[in-house]
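S.K.: Protein sequences appear in the order of chains A and B.
Going letter by letter, the first sequence gives residues 1 to 115 in my numbering.
Going letter by letter, the second sequence gives residues 1001 to 1139 in my numbering.
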Amino acid sequence: MSMKASTRQVDGVTIVDLSGRITLGEGSVVLRDTVKDLLGKGAKHILLNLGDVSYIDSSGIGELVSAFTSVQRQGGELKLLHLTKKVHDLLQITKLYTVFDVQEEEASAIKAFSK
Amino acid sequence: MESTLESVNKAEEMADQIAAQAGFDEDVRGGISMAVREAMINAVLHGNAYDPAKRVNLSFEQNGRELIITIGDEGRGLEPDEIPDPLAPENLMKQSGRGIFLIRAFMDEVRFRKLEPGTEITLIKRIPVTELDRQEAST
């Protein structure tokens, strides 16, 4: 299953709804290009909704880390929303769970951005 | 197998099916197929560097109490002891370097062997005793 990304704006936050697999190849490229495009347009508050992401491999984890640092370098914030158990466990194992700001509810996630 | 991304995906699917036949539950199967995916990525990408002239050898063996998966490439070789710890604070935010760590996290035993040329990695997962009892009872 390929990865899909669609974006929407809510109260100054760009929400990226991702679905499918973030893996080496197409999935990682879609995520990279989406974040690059948003940063190019000046987006500073990015919320990645991973609720429909069924699987992430090491390449996908690397892309999430890269997205996080790219957004930070531009003076913005990137948060994660709705992790599945698999993705949650993977971020725990790799000790990245505490690095990312992981949110459970969309409304509170939007409020959590410093605006 | 060819040194392509398709081979990586195919090996992952095969691992999931074979792990299911061996009786592993869904969570463990997910770990096994991820370990196989990561080992295949190492072989195809870091080992053979997508070289169409180089092959990846994949084999599955269910040997009584264990599922044994072997993946060999024809690349420049890998020094597993020289791979930095991806959990170290200075490496935590690096984009790559987590593949071998994930393989070790999901498998019971991981062995490396130097080939001439290339690297062979053996992944071992022990079959739960309850499942072996069930298999024996049905025979």
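Idealized CB from N, CA, C, for every residue including glycine.
#1: Within 8 Å (strictly less), CB to CB, does VAL99/A reach chain B?
#2: So, using beta-carbon positions, are MET1140/B and ARG1065/B closer together than 8 Å?
#3: Using the C-alpha atoms, what's the distance from PHE1024/B back to ARG1076/B?
#4: Within the continuous beta strand (DSSP E) that includes GLN1062/B, where are the two ends?
#5: Measure the Cβ-Cβ separation of LEU24/A and LEU1005/B and say whether it is below 8 Å.
#6: Could you say which of LEU91/A, LYS95/A and GLY27/A lies nearest to ALA1089/B if we only look at CA atoms?
#7: Quick check: what's the CA-CA separation for ASP33/A versus VAL99/A?
#8: Which of the three DSSP states, helix, strand or coil, is assigned to PHE68/A?
#9: From this set, ILE1068/B, MET1093/B, GLU1079/B and VAL1044/B, which residue's C-alpha is nearest SER66/A's C-alpha?
#10: What residues from chain B crowd round SER70/A, counting only those whose CB sits closer than 8 Å?
#11: Report buried or exposed for SER1033/B, applying the criterion of at least 16 other Cβ atoms within 10 angstroms of its Cβ.
#12: Hey, how far is the Cα of LYS1010/B from the Cα of ALA1043/B?
#13: Determine, using beta carbons only, whether VAL1056/B comes closer than 8 Å to chain A.
#14: Could you check which residue in PRO1086/B, THR1119/B, GLU1120/B and GLN1095/B has the C-alpha nearest to that of ALA1105/B?
#15: Run through DSSP, which three-state label would ASP89/A get?
#16: Which residues does DSSP pair with ASP52/A in a beta bridge?
#17: Kindly list, in the order they appear in chain A, the residues whose Cβ is closer than 7 Å to that of MET1034/B.
#18: Note down, in chain order, each residue of its chain lying with its Cβ closer than 7 Å to the Cβ of GLY1097/B, except the 5 sequence neighbours on either side.
#19: Hey, how far is the Cα of GLN9/A from the Cα of VAL29/A?
#20: Please report how far the alpha carbon of GLU1026/B lies from the alpha carbon of ALA1020/B, in whole angstroms.
#21: Tell me the residue span of the alpha helix (DSSP H) that contains GLY40/A.
#22: Consider the Cβ of SER1007/B: report whether some Cβ of chain A lies at a distance smaller than 8 Å.
#23: Per DSSP, THR1119/B forms a beta bridge with which residues?
#24: Could you tell me if SER58/A is buried or exposed, where buried requires 16 or more neighbouring beta carbons within 10 angstroms of its beta carbon?
#25: For chain A, is any of its Cβ atoms less than 8 Å away from the one on LEU1078/B?
#26: Work out the CA separation of VAL1110/B and LEU1123/B for me, nearest whole Å.
#27: Please list the partners that THR94/A has in chain B, where partner means a Cβ-to-Cβ separation under 9 Å.
M.R.: Let me lay it out:
#1: yes
#2: Residue 1140/B is absent from the model: chain B starts at 1001 and stops at 1139.
#3: 34 Å
#4: 1057-1063
#5: yes
#6: At residue 1089/B the sequence reads Pro, which differs from the Ala that was named. For the residues LEU91/A, LYS95/A and GLY27/A, the minimum Cα distance to PRO1089/B belongs to LYS95/A.
#7: 22 Å
#8: helix
#9: MET1093/B
#10: The premise fails here: SER70/A is roughly 10 Å from chain B at the closest Cβ pair, so nothing lies under 8 Å.
#11: buried
#12: 14 Å
#13: no
#14: PRO1086/B
#15: helix
#16: SER19/A
#17: ASP57
#18: ILE1083, PRO1084, PRO1086 and ASN1091
#19: 22 Å
#20: 8 Å
#21: 26-40
#22: no
#23: LYS1114/B
#24: buried
#25: no
#26: 5 Å
#27: PRO1086, LEU1087, LEU1092, ARG1098, PHE1101, LEU1102 and ALA1105
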